[in-house]
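These notes concern the structure reproduced below.
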Amino acid sequence: MSGINLKGRDLIVTQDWSLEELLAVLDLAVKMKKNRYGYTDALKDRSFFMFFYNPSVRTRQSFECAATELGGHAQFLEPKSMRLKTATTAGETVEDAANVMSRYACGLGIRILEDKIAQYGDGEKLLREYAKYAKIPIISMAHDTFHPCQGLADIMGWIEWLSPENQFNPEAVKGKKLLVTWAHGALARSWCSVQEAMLIGSRFGMDVTVAAPEGYDLDPQVLEWTKKNCENNNTVFETTNDLKDGYHGAHVVYSRNWMSSNAYHDGELHKQEEVDKALKYTDWICDAEKMALTKNAIFTHPMPIDRGNEVTDEVASGPRSCIYDVAENRLHAQKAVMALTM
Amino acid sequence: MSGINLKGRDLIVTQDWSLEELLAVLDLAVKMKKNRYGYTDALKDRSFFMFFYNPSVRTRQSFECAATELGGHAQFLEPKSMRLKTATTAGETVEDAANVMSRYACGLGIRILEDKIAQYGDGEKLLREYAKYAKIPIISMAHDTFHPCQGLADIMGWIEWLSPENQFNPEAVKGKKLLVTWAHGALARSWCSVQEAMLIGSRFGMDVTVAAPEGYDLDPQVLEWTKKNCENNNTVFETTNDLKDGYHGAHVVYSRNWMSSNAYHDGELHKQEEVDKALKYTDWICDAEKMALTKNAIFTHPMPIDRGNEVTDEVASGPRSCIYDVAENRLHAQKAVMALTM
Amino acid sequence: MSGINLKGRDLIVTQDWSLEELLAVLDLAVKMKKNRYGYTDALKDRSFFMFFYNPSVRTRQSFECAATELGGHAQFLEPKSMRLKTATTAGETVEDAANVMSRYACGLGIRILEDKIAQYGDGEKLLREYAKYAKIPIISMAHDTFHPCQGLADIMGWIEWLSPENQFNPEAVKGKKLLVTWAHGALARSWCSVQEAMLIGSRFGMDVTVAAPEGYDLDPQVLEWTKKNCENNNTVFETTNDLKDGYHGAHVVYSRNWMSSNAYHDGELHKQEEVDKALKYTDWICDAEKMALTKNAIFTHPMPIDRGNEVTDEVASGPRSCIYDVAENRLHAQKAVMALTM
Numbered sequence: 263m264s265g266i267n268l269k270g271r272d273l274i275v276t277q278d279w280s281l282e283e284l285l286a287v288l289d290l291a292v293k294m295k296k297n298r299y300g301y302t303d304a305l306k307d308r309s310f311f312m313f314f315y316n317p318s319v320r321t322r323q324s325f326e327c328a329a330t331e332l333g334g335h336a337q338f339l340e341p342k343s344m345r346l347k348t349a350t351t352a353g354e355t356v357e358d359a360a361n362v363m364s365r366y367a368c369g370l371g372i373r374i375l376e377d378k379i380a381q382y383g384d385g386e387k388l389l390r391e392y393a394k395y396a397k398i399p400i401i402s403m404a405h406d407t408f409h410p411c412q413g414l415a416d417i418m419g420w421i422e423w424l425s426p427e428n429q430f431n432p433e434a435v436k437g438k439k440l441l442v443t444w445a446h447g448a449l450a451r452s453w454c455s456v457q458e459a460m461l462i463g464s465r466f467g468m469d470v471t472v473a474a475p476e477g478y479d480l481d482p483q484v485l486e487w488t489k490k491n492c493e494n495n496n497t498v499f500e501t502t503n504d505l506k507d508g509y510h511g512a513h514v515v516y517s518r519n520w521m522s523s524n525a526y527h528d529g530e531l532h533k534q535e536e537v538d539k540a541l542k543y544t545d546w547i548c549d550a551e552k553m554a555l556t557k558n559a560i561f562t563h564p565m566p567i568d569r570g571n572e573v574t575d576e577v578a579s580g581p582r583s584c585i586y587d588v589a590e591n592r593l594h595a596q597k598a599v600m601a602l603t604m
Numbered sequence: 263m264s265g266i267n268l269k270g271r272d273l274i275v276t277q278d279w280s281l282e283e284l285l286a287v288l289d290l291a292v293k294m295k296k297n298r299y300g301y302t303d304a305l306k307d308r309s310f311f312m313f314f315y316n317p318s319v320r321t322r323q324s325f326e327c328a329a330t331e332l333g334g335h336a337q338f339l340e341p342k343s344m345r346l347k348t349a350t351t352a353g354e355t356v357e358d359a360a361n362v363m364s365r366y367a368c369g370l371g372i373r374i375l376e377d378k379i380a381q382y383g384d385g386e387k388l389l390r391e392y393a394k395y396a397k398i399p400i401i402s403m404a405h406d407t408f409h410p411c412q413g414l415a416d417i418m419g420w421i422e423w424l425s426p427e428n429q430f431n432p433e434a435v436k437g438k439k440l441l442v443t444w445a446h447g448a449l450a451r452s453w454c455s456v457q458e459a460m461l462i463g464s465r466f467g468m469d470v471t472v473a474a475p476e477g478y479d480l481d482p483q484v485l486e487w488t489k490k491n492c493e494n495n496n497t498v499f500e501t502t503n504d505l506k507d508g509y510h511g512a513h514v515v516y517s518r519n520w521m522s523s524n525a526y527h528d529g530e531l532h533k534q535e536e537v538d539k540a541l542k543y544t545d546w547i548c549d550a551e552k553m554a555l556t557k558n559a560i561f562t563h564p565m566p567i568d569r570g571n572e573v574t575d576e577v578a579s580g581p582r583s584c585i586y587d588v589a590e591n592r593l594h595a596q597k598a599v600m601a602l603t604m
Numbered sequence: 263m264s265g266i267n268l269k270g271r272d273l274i275v276t277q278d279w280s281l282e283e284l285l286a287v288l289d290l291a292v293k294m295k296k297n298r299y300g301y302t303d304a305l306k307d308r309s310f311f312m313f314f315y316n317p318s319v320r321t322r323q324s325f326e327c328a329a330t331e332l333g334g335h336a337q338f339l340e341p342k343s344m345r346l347k348t349a350t351t352a353g354e355t356v357e358d359a360a361n362v363m364s365r366y367a368c369g370l371g372i373r374i375l376e377d378k379i380a381q382y383g384d385g386e387k388l389l390r391e392y393a394k395y396a397k398i399p400i401i402s403m404a405h406d407t408f409h410p411c412q413g414l415a416d417i418m419g420w421i422e423w424l425s426p427e428n429q430f431n432p433e434a435v436k437g438k439k440l441l442v443t444w445a446h447g448a449l450a451r452s453w454c455s456v457q458e459a460m461l462i463g464s465r466f467g468m469d470v471t472v473a474a475p476e477g478y479d480l481d482p483q484v485l486e487w488t489k490k491n492c493e494n495n496n497t498v499f500e501t502t503n504d505l506k507d508g509y510h511g512a513h514v515v516y517s518r519n520w521m522s523s524n525a526y527h528d529g530e531l532h533k534q535e536e537v538d539k540a541l542k543y544t545d546w547i548c549d550a551e552k553m554a555l556t557k558n559a560i561f562t563h564p565m566p567i568d569r570g571n572e573v574t575d576e577v578a579s580g581p582r583s584c585i586y587d588v589a590e591n592r593l594h595a596q597k598a599v600m601a602l603t604m
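Residue numbers (our numbering), protein chains in the order written: chain A, 263 to 604; chain B, 263 to 604; chain C, 263 to 604.
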């Protein structure tokens with residue numbers, strides 16, 4: 263990992279970082295997992311700011327623990343109490359806010375999801391605007407388009423499960439097949455986690471199949487990037503509307519609900535429409551029967567899981583479920599990102 | 263205290279713990295009170311999660327200070343931003359939530375009171391369900407039925423006040439009389455604190471009298487446990503509907519409002535009914551005249567106090583009021599519990 | 263600075279402190295700015311309580327960072343979840359709350375602004391009541407009348423900018439002219455920051471001019487104190503209703519919106535009336551043309567700035583704008599206050 267210097271880098275999507283840089287994060291994350299309280303000087307007495315436009319228990323817990331375990335402190339901030347200038351209201355500019363925060367903190371995490379924005383892509387824009395003005399790293403804690411820390415935790419977990427015992431070998435996922443499959447349910451979930459998973463899986467040399475009913479296409483730009491990542495690695499990228507086809511030969515199955523490509527129209531998100539539409543596809547659930555088609559695949563999910571809709575209890579709590587390990591890896595991956603960038 | 267190992271233990275009610283275990287907590291709490299910043303490695307860089315279904319300033323302050331003074335950090339979490347699965351809504355199971363939190367934190371505190379549940383006992387059920395799945399200690403920060411950390415702070419304060427000067431001798435409360443008396447007011451308070459006080463007082467060898475108007479009976483199970491604790495110690499347990507009788511011979515007077523046994527009906531808590539009913543009993547206030555019937559009793563209360571309803575200013579601010587010492591003891595008792603279990 | 267002992271002192275307005283005491287704060291703040299992580303034992307494992315009756319991102323960030331950088335922890339508390347006794351509702355007295363908090367924390371910060379009180383001055387009264395009962399320092403984090411930590415950050419920034427290069431000489435502001443000018447906008451801002459600026463500027467030997475349209479007079483008591491401070495220093499205090507006069511000869515220009523002296527009537531704050539009235543004065547903006555009348559004045563503002571109303575982008579982002587330095591100084595000044603008083 264010599265020569266890798268990530269000080270000051272933003273992390274908005276893993277696609278912005280080189281494979282070597284991502285490997286450097288995983289390398290440190292694995293060390294931190296083995297020696298959990300061995301890095302308590304990394305952010306000693308420093309403050310990390312967390313901006314939650316959307317609340318989240320898991321993301322907050324893992325980031326706040328990460329800062330604490332690095333010797334620092336994460337401030338839980340809700341920007342609703344912050345008057346930012348908009349087209350129609352008086353308030354502070356992002357330039358001013360970012361400049362002042364750069365004087366106080368060692369980094370700024372931002373979480374902003376679908377229901378806080380007018381159209382897909384606005385969250386990404388806000389993060390890029392903060393990154394433009396801030397002199398400290400901007401870290402996505404999940405936004406409308408991407409969830410890079412989840413992606414890092416995912417790939418770390420898959421490598422752990424697919425590596426020979428007691429090893430951590432990133433080569434272990436090369437040529438393995440990742441199935442990202444849509445699932446039904448009432449949550450109308452963001453695209454950010456699955457899009458990040460496709461990107462990072464393909465970067466690490468996995469075949470990627472995306473399965474979803476018609477109308478559930480993801481961001482064309484992300485599909486394009488994933489395809490290109492696969493081309494660079496001579497691996498296969500496929501999409502299908504079939505419920506079961508993708509399971510054949512899979513080594514990792516990622517089953518999760520997401521919104522349709524028509525979720526935003528007339529200037530806002532139509533969540534109830536999405537829920538009504540999604541609940542009809544009751545066959546789209548990851549179950550033992552479908553998992554039997556795979557090459558003894560592991561089951562992965564960024565959690566929280568919607569059991570009974572996205573996956574059966576049998577699979578989610580089964581011997582090939584890596585969900586708790588991936589959830590734990592959020593902590594280690596985030597600690598590594600923070601220690602390397604701040 | 264040799265042989266006492268509390269690592270990993272939940273604290274949901276003091277009745278679950280042996281007397282030796284409770285004494286071990288008090289022993290450490292007293293040491294921590296004398297040497298307040300001498301235990302800052304106990305939770306060094308560890309995170310304690312606090313789940314506040316109900317808000318609370320005092321409980322939050324004392325737990326968050328406790329974690330800080332042990333070298334760690336307490337996260338203030340409001341589960342309303344957490345989608346838990348219920349009979350009618352999609353969300354995460356307690357099993358999943360507890361398993362993931364066990365990977366992040368060294369312990370989980372939960373506060374859930376009457377207005378957040380459909381019937382008395384549901385809070386206790388939730389704590390027990392978390393305890394079933396979590397691999398870290400579950401600590402009650404007050405729930406509908408019990409408030410074990412308050413109970414520990416109470417008995418610690420009573421022992422301090424009743425021991426010979428400059429000593430801390432748990433034997434000092436043996437054979438002394440604790441009066442737990444209902445008081446009027448508009449707060450329709452939970453049963454948790456008074457029930458815990460009855461249990462811990464009787465465990466430590468006190469005579470216990472509970473006085474309340476008709477219709478204000480507490481949980482029959484708790485009354486039964488208290489009676490049994492008294493039998494085991496050859497002490498006296500009594501209940502009365504008389505306003506003054508209980509004061510005779512008392513060494514500790516605990517005057518506090520609580521809800522009637524009819525507070526929950528038709529599937530919910532009827533708070534206004536409770537307030538209207540309670541406000542009629544204007545005689546039920548702890549005042550100097552009644553305190554004159556005691557054996558120079560100390561006045562105790564878990565705070566916040568409803569002055570003028572539960573107790574007169576003369577008594578609450580008088581020379582025999584131990585209220586601020588008991589409040590302070592919350593900090594020390596909680597530090598001891600956290601250091602021993604986590 | 264020998265002989266200065268600030269342990270236990272409240273900071274409600276800088277006018278309560280001697281010039282020597284304020285200089286001691288600045289002296290330490292400058293040292294802390296140079297050696298940011300060199301004072302991490304000052305509040306080691308101690309807790310500072312922050313009571314936000316009004317939310318604030320900047321004030322919270324700077325105080326929470328300050329506590330972290332001193333080795334301690336600041337608890338973010340919202341008193342809305344605290345039942346305080348009022349004339350009409352049951353709850354806890356300030357006496358009880360202050361006494362208990364004194365057992366837990368090393369200091370208590372309070373923020374309470376116009377919209378949370380019935381009339382100007384009520385916030386100040388609440389702080390003084392807490393100070394009466396608390397055994398720990400009460401620090402204003404901005405209240406209706408004053409904002410002492412902002413005042414300290416202001417004067418620290420002005421001294422930095424007006425001192426000869428690489429020096430910090432409080433004499434540098436002596437005899438220099440401070441213009442505090444009203445500006446239009448839709449925010450109906452509190453008087454606290456500008457009043458504190460007038461007081462501290464005049465204490466440090468500056469000439470002070472206050473410019474505002476008719477009807478925008480500030481607190482007569484504060485005007486009186488400022489006048490007296492100027493008399494003591496043989497400097498000039500002036501008020502004017504003219505838009506431009508005050509700029510002549512100014513070394514520091516402080517342009518900010520504030521409410522009119524008629525903002526409270528009929529027992530409440532009339533914010534919309536204030537906004538409607540203020541928006542008419544579109545000439546009242548600090549711009550390059552007016553700044554050209556000064557002696558190459560620096561532009562100062564406590565932030566957040568209402569750009570386009572209070573000041574033009576050209577001035578706010580220009581080479582003589584000290585706004586980010588002043589904002590940063592909040593951190594250093596507050597660290598110094600906390601280290602000296604707690």
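Glycine included, every Cβ here is placed at the ideal spot set by N, Cα and C.
*Quick one: grab the DSSP three-state call for tryptophan 444 of chain B.*
Within the second sequence, residue 444 of chain B is the residue found at index 182, counting from 1. Of the three classes helix, strand and coil, the one that applies to tryptophan 444 of chain B here is strand, per DSSP.
*Measure from the C-beta of valine 319 of chain C to each C-beta in chain A and report whether the shortest distance is under 9 Å.*
Locating residue 319 of chain C in the third sequence gives position 57, where the first residue counts as 1. Taking Cβ atoms only, chain A reaches closer than 9 Å to valine 319 of chain C, which makes this a yes.
*Run of the alpha helix (DSSP H) containing valine 537 of chain A, from where it starts to where it stops*: Within the first sequence, residue 537 of chain A is the residue found at index 275, counting from 1. Start and end: 533-540.
_I want to verify the contact list: residues of chain A whose CB lies under 8 Å from the CB of aspartate 303 of chain B, in sequence order._
The residue given as residue 303 of chain B occupies position 41 in the second sequence. Those within 8 Å of aspartate 303 of chain B in chain A number zero; the least Cβ separation is about 11 Å.
_Chain-ordered residues of the stretch 386-416 of chain A with a beta carbon less than 7 Å from chain B_ = Going along the stretch 386-416 of chain A in chain order, one finds no residue with a Cβ nearer than 7 Å to chain B.
*So what does DSSP say about glutamine 337 of chain A, is it helix, strand or coil?*
Indexing the first sequence from 1 puts residue 337 of chain A at position 75. In this structure, glutamine 337 of chain A counts as strand in the three-state DSSP scheme.
*What does serine 309 of chain C touch in chain B if you count any residue whose Cβ is under 9 Å from its own?*
Counting from one through the third sequence, the residue named residue 309 of chain C turns up at place 47. Per Cβ cutoff of 9 Å: Gln323, Glu326, Cys327, Thr330, Glu331.
*Identity of the residue in B:Arg320, B:Glu386, B:Arg308 nearest aspartate 272 of chain B by Cα*: The residue labelled residue 272 of chain B in the question sits at position 10 within the second sequence. Of B:Arg320, B:Glu386, B:Arg308, the residue nearest in Cα terms is B:Glu386.
*Going along chain A in order, which residues have a C-beta closer than 7 Å to the C-beta of arginine 373 of chain B?*
Residue numbering aside, residue 373 of chain B sits at position 111 when the second sequence is read from its first letter. For arginine 373 of chain B, there are no neighbours in chain A by C-beta distance under 7 Å, as the nearest C-beta there is about 16 Å away.
*Thinking just about the alpha-carbon of each residue, which of A:Tyr382, A:Ala367, A:Leu339, A:Leu268 is nearest to the one in leucine 531 of chain A?*
Here the question's residue 531 of chain A lines up with position 269 in the first sequence. Residue A:Tyr382 is the option with its Cα nearest to leucine 531 of chain A.
*Three-state class that DSSP yields for threonine 407 of chain B in the structure shown*: Here residue 407 of chain B refers to the residue found at position 145 when the second sequence is read from its first residue. DSSP places threonine 407 of chain B in coil when its eight states are reduced to three.
_Quick check on DSSP: helix, strand or coil for isoleucine 462 of chain B?_
Along the second sequence, read from residue 1 onward, the residue named residue 462 of chain B stands at position 200. In this structure, isoleucine 462 of chain B counts as helix in the three-state DSSP scheme.
*asked:* I want to see whether chain A comes within less than 9 Å of glutamine 337 of chain B, judged by CB atoms only; does it?
replied: Mapped onto the second sequence, residue 337 of chain B falls at position 75. It does: the Cβ of glutamine 337 of chain B has a partner Cβ on chain A nearer than 9 Å.
*In the DSSP assignment, what residue or residues form a beta bridge with serine 583 of chain C?*
Position 321 of the third sequence, counted from the first residue, corresponds to residue 583 of chain C. Bridge partners of serine 583 of chain C: C:Phe561.
*Check the Cβ of alanine 589 of chain A against every Cβ in chain B and list those closer than 9 Å, keeping chain order.*
Position 327 of the first sequence, counted from the first residue, corresponds to residue 589 of chain A. Result: Asp358, Asn361, Val362, Arg365, Tyr366.
*Mind checking the stretch 479-496 of chain A against chain B and listing, in chain order, the residues whose C-beta falls within less than 7 Å of any C-beta there?*
Hits within the stretch: zero.
*cysteine 327 of chain A: which of B:Tyr315, B:Leu305, B:Ser318 sits nearest, CA to CA?*
The residue given as residue 327 of chain A occupies position 65 in the first sequence. That would be B:Leu305, whose Cα lies nearest to the Cα of cysteine 327 of chain A.
_glycine 413 of chain B, buried or exposed, once every other Cβ within 10 Å from all chains shown has been counted against 16_ = Here residue 413 of chain B corresponds to residue number 151 of the second sequence, with the count starting at 1. When all chains shown are included, glycine 413 of chain B counts as buried.
*For valine 275 of chain A, collect the residues of the same chain with a Cβ closer than 6 Å to its Cβ; drop the 5 residues on either side in sequence, then sort them by chain order.*
Taking the first sequence and counting its residues from 1, one reaches residue 275 of chain A at position 13. Phe408, Pro410, listed in sequence order.
*When DSSP labels each residue in this structure, what does arginine 370 of chain C get in the three-state scheme?*
Within the third sequence, residue 370 of chain C is the residue found at index 108, counting from 1. The question names arginine, yet the displayed sequence has leucine at residue 370 of chain C. Note: leucine 370 of chain C maps to strand in three-state DSSP.
*When you compare only the Cα positions, how much space is there between glycine 270 of chain A and proline 432 of chain A?*
Taking the first sequence and counting its residues from 1, the one referred to as residue 270 of chain A is at position 8. Taking the first sequence and counting its residues from 1, the one referred to as residue 432 of chain A is at position 170. Cα-Cα distance, rounded: 25 Å.
*Could you list which residues in chain C have their beta carbon closer than 9 Å to that of tyrosine 586 of chain B, in chain order?*
As a first step, residue 586 of chain B must be located in the second sequence, where it is residue number 324. Here the neighbours are Asp358, Asn361, Val362, Ser364, Arg365.
*Could you tell me which uninterrupted beta strand (DSSP E) segments, each at least 3 residues in length, are contained entirely in the stretch 498-533 of chain C, listed from first to last along the chain?*
499-502, 514-518
_Nearest neighbour of lysine 342 of chain B, chosen from B:Asn316, B:Arg465, B:Arg320, B:Asn361 [CA to CA]_ = Taking the second sequence and counting its residues from 1, the one referred to as residue 342 of chain B is at position 80. It is B:Asn316 whose Cα lies nearest to the Cα of lysine 342 of chain B.
*Grab me the residues of methionine 460 of chain C's own chain with a C-beta within less than 7 Å of its C-beta, minus the 5 sequence neighbours each way, in chain order.*
Stepping through the third sequence from its first residue, residue 460 of chain C is reached at position 198. Val442, Val470, Val472, Val484, Thr488, listed in sequence order.
*Enumerate in chain order the residues of its own chain whose CB-to-CB distance from leucine 290 of chain A is below 6 Å, with the five nearest sequence positions on each side excluded.*
For the purposes of this step, residue 290 of chain A is taken as residue 28 along the first sequence, with counting starting at 1. Taken in chain order, the residues that qualify are Ala598.
*If I'm right that alanine 601 of chain C touches alanine 415 of chain C with Cβ under 8 Å, what's the distance once you round it to whole angstroms?*
Here the question's residue 601 of chain C lines up with position 339 in the third sequence. Here the question's residue 415 of chain C lines up with position 153 in the third sequence. Alanine 601 of chain C to alanine 415 of chain C, Cβ: 16 Å. No contact.
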